[in-house]
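The structure appears right after this line, and notes come after that.
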Amino acid sequence: MHRPALFLAETVEELANGSNFLERLSPQEWKAVRRHGSSIVVNAGKSVFLQGDQHKGIWVIEEGIVRTFYAAPSGRQITLAYWTAGHFVGGPEIFGGGEHVWSADVTQDSKLLYLPSGAIRELIKTQPSLALCIIEGLIAKGKCYSALAQMLGTRSVVERLTQLLIILAENYGRREQNRLIIERKLTHDQIASIVGSTRQWVTMTLDNFQRKGIISLARRMIVIERYDLLMVEHDAD
Numbered sequence: 418m419h420r421p422a423l424f425l426a427e428t429v430e431e432l433a434n435g436s437n438f439l440e441r442l443s444p445q446e447w448k449a450v451r452r453h454g455s456s457i458v459v460n461a462g463k464s465v466f467l468q469g470d471q472h473k474g475i476w477v478i479e480e481g482i483v484r485t486f487y488a489a490p491s492g493r494q495i496t497l498a499y500w501t502a503g504h505f506v507g508g509p510e511i512f513g514g515g516e517h518v519w520s521a522d523v524t525q526d527s528k529l530l531y532l533p534s535g536a537i538r539e540l541i542k543t544q545p546s547l548a549l550c551i552i553e554g555l556i557a558k559g560k561c562y563s564a565l566a567q568m569l570g571t572r573s574v575v576e577r578l579t580q581l582l583i584i585l586a587e588n589y590g591r592r593e594q595n596r597l598i599i600e601r602k603l604t605h606d607q608i609a610s611i612v613g614s615t616r617q618w619v620t621m622t623l624d625n626f627q628r629k630g631i632i633s634l635a636r637r638m639i640v641i642e643r644y645d646l647l648m649v650e651h652d653a654d
């Protein structure tokens with residue numbers, strides 16, 4: 418089972434949408450797809466595509482994590498999602514044309530299957546199941562970005578931060594007695610980019626949560642000490 422993606426969502430269950438968008442392909446169909454693609458390895462910190470590049474294909478994530486993000490003219494970035502194995506990046510114009518409106522980079526060494534737009538167009542002529550897979554994958558992406566827009570537009574920054582902590586606790590938390598240990602440690606800059614705030618605000622708010630006994634912070638982890646109090650912060654804002 419693939420690990421869920423990470424993005425701002427109303428419910429934790431939404432994070433798994435689209436993670437197996439190619440699962441309806443038969444082994445023979447999957448082999449045909451692979452023959453038309455190119456397997457590539459992208460090292461952590463490297464770009465997959467850049468905002469403004471021309472759409473020429475998609476990348477299916479087989480291993481690793483790929484971050485998609487938008488950069489404003491000021492240079493400020495907002496992270497759209499961290500995509501995991503089973504997802505793809507490079508849409509929505511899968512048949513090519515137009516420019517990417519956001520960028521993608523790799524946060525840990527990743528193995529990707531690159532499918533050129535022309536190859537996708539030819540494949541779906543003979544594989545209707547692939548067309549259905551692509552449609553379902555695009556639907557999942559649309560729901561993701563719709564959820565993100567709703568969170569950014571209707572939730573306060575404190576509520577977005579508490580929701581992110583809840584998502585991390587549910588998906589990456591390891592229970593020790595009454596505590597939840599989150600071993601996937603994001604930097605304050607990365608958290609700020611997800612919730613649409615500044616590093617300084619994130620540091621201040623996390624310190625405030627720590628003083629209230631809700632969390633404790635360590636170098637490589639975040640510990641949810643009182644999940645019930647975190648939920649109170651989430652609902653009270």
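Heads up: the sequence shown begins at 418 in the working numbering, then just goes up one per residue.
Note that the Cβ used here is the ideal one computed from N, Cα and C, for glycine as well.
Keep in mind the model is a prediction, meaning the values are calculated, not measured.
In the structure shown, what three-state DSSP assignment does V429 receive? helix
Could you check what DSSP says for V649 in three-state terms: helix, strand or coil? helix
Looking at the strands, I want to know which residues DSSP matches up with L467. Per DSSP, none; premise fails for L467.
Within the segment 494–550, note down every full alpha helix (DSSP H) run reaching 4 residues or more, in order along the chain. 534–543
Using 8 Å as the cut-off, can you tell me whether the segment 607–622 makes contact with the segment 562–575, which would need three or more C-beta pairs spanning the two stretches below that distance? yes
Using the rule of at least 16 other Cβ atoms within 10 Å of the residue's Cβ for burial, across every protein chain shown, is G462 buried or exposed? exposed
Three CB pairs or more closer than 8 Å across the segment 631–647 and the segment 582–597: yes
In chain order, what residues of the same chain lie with their CB nearer than 7 Å to the CB of Q627, ignoring the 5 residues before and after it? S633, L634
Inter-stretch contact at 8 Å, needing at least 3 Cβ pairs: the segment 599–615 / the segment 576–590: yes
DSSP puts L597 in a beta bridge; with which residues? R592, I641
Which partner residues of A449 appear in the DSSP bridge assignment? Bridge partners of A449: none, in fact.
Buried or exposed by the 16-neighbour rule on C-beta atoms within 10 Å, applied to E650: buried
Residues in its own chain within less than 6 Å of H605 by CB, not counting five upstream and five downstream? R616, V619, T620
Just verifying my parser: in three-state terms, what is the DSSP assignment at S633? strand
Indicate whether the contact test is met: 3 or more Cβ pairs, each with one atom in the segment 543–562 and one in the segment 430–442, closer than 8 Å. yes
On a Cα-Cα basis, can you pick out the residue from L423, P421, E427, A422 that is closest to G570? E427
Cβ pair S520, Y562 closer than 9 Å: no
Considering only DSSP beta bridges, list what F626 is partnered with. Answer is none; F626 lacks a bridge partner.
Label G503 either buried or exposed according to how many other C-beta atoms from any shown protein chain fall within 10 Å of its C-beta, with 16 as the threshold for buried. buried
Counting only the same chain and skipping the five closest in sequence on each side, list residues whose C-beta sits under 6 Å from that of R637. K602
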